[in-house]
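Inspection log for the structure reproduced underneath, given as structure tokens.
Chains as they are written, first to last, in my numbering: chain A, 28 to 606; chain B, 28 to 606.
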């Protein structure tokens, strides 16, 4: 394809803070149509097609069957699983012309069960996996970062069905490996799998695949000592409290206006570790109050609290109405209708400062084991911390990174099949519901994440396996007869050789042409100019600057094609074997 | 792939009247999820992928650039073209979580203009064509026929932009040819192009591609004499009226209860040709009345009337309120607030019977030329008829067929670019709006139409170029060691040879296996059974029964692969050259 024919314009002005969004906008990859809704120009669509081809190959290789579910589904389907009511506004609901309730698919568990229902009625039909690559819509309140977090997106989602947990686990391992292969083939072998919270999907074991980058919205907890990795939401927070030698008595002390942990600790000259703080939430349903006590230096994890309560929550907004002494709430002598919960960070602590449930006063000498009623439960509700204790190896080694989630896999169990009444006859003739797994990858987000991971200041550096074009020919001074003839010939030869080549034969300045080429991000570049022609050479270089050399025009096509093969081989060398 | 692993069940019971729907349901190709909404199983998805690959190749070959537009679009985009208000309930409108008005894309002219706007600002950038293959939703009131008429569908839609009508016409010719190639490559070279009405798309010249079949919803007018072809809606109706020798005077006659044309003609002993009938419509907007007079044997064409009025209409429902003598309405002495229109079929007619605008009476001797006010306009508002006059060659030769529309191409003009304010600088520096063409093909409908055109009582007979599998191996008595070994070997060899092969190694009866194979519709079948093995042969046969022969097991792979190539070549032989 010729650059002059590509619809889209490239420009220099920095438009966004997130670099992938910035470069892909500047490079003419996409255009915003609405909030979180984009059109893709040809360069992005070519990348998307290549990612989709990799997805198809890897899903087919683990015995996936490609199918297609609808974007628009009747509400009744989502009611049959209970999710029509349980999911929030991310699920876009509307009525069709006949007044029937409909939804836009944001995930397709229900559709997968509906498809498999009645056509997999005996155990012999199992296991099987069906997948699709299809448009999804999730009415995100906060679309951001270009293709990183959008409302409409293309997704590969697969659903496997099994007759036993063991069979699911075997398959889950294969899917896990297929995912590792997908990221490696897409040029980001650095993507890591982390244990994740299963959220609204149901089920227990799940993994997210994360590309670590500062702009990531997820916090990933990593133990460099033992290799443990988990999403913050799924990472048990472990706190060690050394009991003080000298137990103190509970004692009410004046603390005046000091209300935050920082203020109280400073006022009393203790560290935040030696305090117990109160956090107040409300349930979305009925606005009832939840009161969580944890060590003063710990942060509440909303997902853990949500999962524990099995209810949607929000930070309390009208704490005044709760009959609580805001800023002075404490666990001793507390009289409240709120649900009161204690975090594990309080276990073993003593001589803590806590609120006295009375304005301007706190208690010192609080000892949870001594001062709380017998049988008080301590629950894991707070976040792991940098330098904290690894829940696997026990070392004080945790480090916390930001990551973009570029895929996830879940062991769903019977959550959907039971709710929707899907069953099969097992070997003994009993009717049981199959066990499911599900496997998702957002295509556009993966594309943007690769750009985020592989770019320089001038543009994306696409891995050759997903680059819109493998090679770009830059013909400088295409009005020069010799340049034109040489470049036209190489273009034709490379196309005939099956190399995907972009050809810039516009009569523009070198600076203009190269800055466009940087934005197109083809990994291999061939520059043909009066200068190179005069020394009987073409200049072959890498977008990532890993090589730059003169090559013989006579054998240029072969040399370039070999370089392309070499780069592909280098990517594939990092792809793990199938299992 | 093995039949035993394919999700889906095949069954014998006839479930629907339309044969493609019936066979594709019985064959496990699809499952209804809601009214006009389907999930596709793997066999259908494989066909869809093959059709999409053909579409991509042909669109790329006419310099199309693949892009992707969103399914969900902000209403503002559709307001900018005026279609948010002008299109009916087929356009699904809803609000997102922020209360913003949104639509589901049923076509993407607005999105195409939005994409091209500001990135094609000078004449040098033209022409270009952008296309996508994407899900669309059209809230059809009458979904029917399985994938023939659905609400959600996958569509290839392309949009070209030009700086002159001549350039559009040149490109339109190429697109027209590309479409002929697409149908031929998909195995339905019998698809014909017909002139069409441009409907809600705007623009003037347009063609529909029609597969002629009794179940088609469109009426196609064909002249076998000169090759003229048009959609009924776009076919000028020509009526010859021989004036009677003896002009009669207008005379009121008693006709009693006779109200319909049949009753009146019978009562007075004339043919329907010698009558003038009245048809009453109302505008959807304001319920105002439209009164159309035409020759008694002619039928009104609603599309022509809609286009003439530039307003949506419906047959009058409360004619009693219109102050019209229902059944006795006539054009002479008529006093009404209705818009009164006269069809061309009345030109040159005389001595007609028409209503007298008085209960129980009609007039005879009506002569439109004599009795209607001078300057009365006669408009083409009725349907062409079987045996009618060809508007091109003038012969009484018209024949009328039913057809399924499997694609359309439109010369849109500046309808969208002007409305949305898209311009470029022409060679003289003037800012002008580009001229557009658009080009659509529904993938699922094409699939179902191919099935409709190519099936027998037992299943689809897929053309080899879009068949889900090119070859099916039927291993009868796979528990027989020799059969199993021979079939396994051939399966492996064919897969290695790149042949798409379906392998049925289930231990089921021949009848059961063959009836499934008929439903899968692979064009080539290889039967391996104890009987064939004992005579040292495999049986090679065609799904369409065009051949059946014993082949040598030793060279079976090569023989089968050659047969596949031969069938592909036979399809390609009917594909016209590119222009």
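From the three backbone atoms N, C-alpha and C, an ideal C-beta is built for every residue, glycine too.
Check                                                                                                                        : Outcome
7 Å CB neighbourhood of residue 346 of chain A in its chain, flanking five on each side removed                              : 307, 353
Cβ distance (whole Å) where residue 331 of chain B is taken to contact residue 425 of chain B below 8 Å                      : Rounded, the Cβ-Cβ distance is 16 Å, inconsistent with contact.
Chain A residues whose Cβ lies nearer than 9 Å to that of residue 488 of chain B                                             : Under the 9 Å cutoff, chain A gives no residues; its nearest Cβ is about 23 Å from residue 488 of chain B.
Residue ranges of each alpha helix (DSSP H) within the stretch 471-527 of chain B, 4 or longer                               : 508-523
Per-residue DSSP class, three states only, for residue 674 of chain A                                                        : Here chain A covers residues 28 to 606 and nothing more, so residue 674 of chain A does not appear.
Buried versus exposed call for residue 404 of chain B [16 or more other C-beta atoms within 10 Å across all chains shown]    : exposed
Nearest residue (CA-CA) to residue 591 of chain A, options A/606, A/300, A/574, A/154                                        : A/574
Counterpart residues of residue 47 of chain B in DSSP-defined beta bridges                                                   : Answer is none; residue 47 of chain B lacks a bridge partner.
Against chain D: residues of the stretch 61-72 of chain B by CB proximity under 9 Å                                          : Included in the structure are the protein chains A and B, with no chain D among them.
Contact between the stretch 147-162 of chain B and the stretch 37-55 of chain B (3+ Cβ pairs under 8 Å)                      : no
Per-residue DSSP class, three states only, for residue 286 of chain A                                                        : coil
Given 8 Å, three or more beta-carbon pairs between the stretch 543-563 of chain B and the stretch 492-508 of chain B         : yes
Residue 206 of chain B vs residue 236 of chain B beta-carbon contact at 7 Å                                                  : yes
C-beta contact flag for residue 514 of chain A and residue 549 of chain A at 7 Å                                             : no
Per-residue DSSP class, three states only, for residue 56 of chain A                                                         : coil
Chain-ordered neighbours of residue 104 of chain A on chain B, where CB pairs are closer than 9 Å                            : 60, 61
Chain A residues whose Cβ lies nearer than 8 Å to that of residue 143 of chain B                                             : 34
DSSP beta-bridge partners of residue 156 of chain B                                                                          : B/91, B/187
Rounded C-alpha distance that separates residue 213 of chain A from residue 80 of chain B                                    : 22 Å
Coarse secondary structure for residue 618 of chain B, derived from DSSP in three states                                     : It is not possible to answer for residue 618 of chain B, since the shown part of chain B is limited to 28 through 606.
Touching by the beta-carbon criterion (3+ pairs, under 8 Å), the stretch 167-178 of chain A and the stretch 51-64 of chain A : yes
Same chain only: Cβ atoms within 7 Å of residue 428 of chain B, ignoring 5 sequence neighbours per side                      : 239, 247, 249
Three-state secondary structure assigned by DSSP to residue 30 of chain A                                                    : helix
Under the three-state DSSP convention, the category residue 112 of chain B falls into                                        : helix
Proximal residues to residue 601 of chain A (C-beta, below 6 Å), its chain only, five neighbours per side dropped            : 211, 216
Contact with chain B by residue 116 of chain A, beta-carbon distance below 7 Å                                               : yes
As assigned by DSSP and simplified to three states, the class of residue 540 of chain B                                      : helix
Helix, strand or coil at residue 363 of chain B [DSSP, three-state]                                                          : coil
Proximity test, Cβ basis, 7 Å: residue 385 of chain B and chain A                                                            : no
Identity of the residues DSSP links to residue 302 of chain B by a beta bridge                                               : B/380
7 Å Cβ cutoff, residue 527 of chain B in contact with chain A                                                                : no
Classification of residue 442 of chain A by the beta-carbon crowding that lies within 10 angstroms, buried from 16 upward    : buried
Alpha-carbon spacing of residue 260 of chain B relative to residue 410 of chain B, whole angstroms                           : 7 Å
Beta carbon of residue 380 of chain A nearer than 7 Å to that of residue 391 of chain A                                      : yes
Rounded C-alpha distance that separates residue 369 of chain A from residue 414 of chain A                                   : 23 Å
Reference residue 145 of chain A; option with closest CA among B/144, B/36, B/125, B/51                                      : B/36
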